[in-house]
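Visitor:
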Amino acid sequence: MIPQVLGTLIIFNSEQIVDGIRRRWAFGKDVNGGIIGKYRNKDYEAFKVSFNSRAGGNVDLTLTGDLGQGLTIRKAGDKKYEIFSTDYKYERIAIKYGIEQFNLDSQQQEELFDMLYFMAFENYLDNVWLV
């Protein structure tokens, strides 16, 4: 019962989950706490800084916003979920910067697990009291 509730909560809260990834990208942070990457072309770096100075000139995986807006969570197995983007650039970006950039960092994972376990426990208690 608890795994099913957790799965439902993941899907129900998917927008909040992927929004955390978008926020991390806006600062140019990679899933391991470093930077996603550096731009090879200084003119392009200056162009990107003019749109988003929060990333400090580092790769932020955001230009049009389509990659981030396309972030989606789907069930990939019995107890597995996958975060991906429906944007056509997804595969190319995943190959270039690593598919892990589409995951939560450790702090985001911890916050998500805390929230999910609290909500699942609350749901469990609600059901116990209804019986």
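Numbering (the numbering used here), first residue to last: 48 to 178. Positions of the beta carbon are idealized from the N, C-alpha and C atoms, including for glycine. It should be emphasised that the depicted structure is a prediction, and the values quoted were computed from it without experimental measurement.
1. Is DSSP giving I83 helix, strand or coil here?
2. Tell me the DSSP bridge mates of L118?
3. Quick check on DSSP: helix, strand or coil for N60?
4. Cα-Cα, which of D152, D161, R87 is closest to N105?
5. Taking 9 Å as the cut-off, decide whether the C-beta atoms of Y172 and L159 are in contact.
6. For N105, which residues does DSSP report across the bridge?
7. Would you call the CB atoms of R71 and Q155 closer than 9 Å?
8. What three-state label does DSSP hand K76 in the structure shown?
9. Can you have a look at S132 and say buried or exposed, based on whether 16 or more other CB atoms are within 10 angstroms of its CB?
10. Quick one: what does DSSP say K127 is sitting in, helix, strand or coil?
11. Between which two residues does the alpha helix (DSSP H) holding I146 run?
Guide: Straight from the coordinates:
1. coil
2. S132
3. coil
4. R87
5. Tyr is not the amino acid found at residue 172; the sequence shown has Leu there. Their beta carbons are not under 9 Å apart, which means L172 does not touch L159 by this criterion.
6. K85
7. yes
8. strand
9. buried
10. coil
11. Neither: I146 is in no alpha helix (DSSP H) and is coded neither H nor E.
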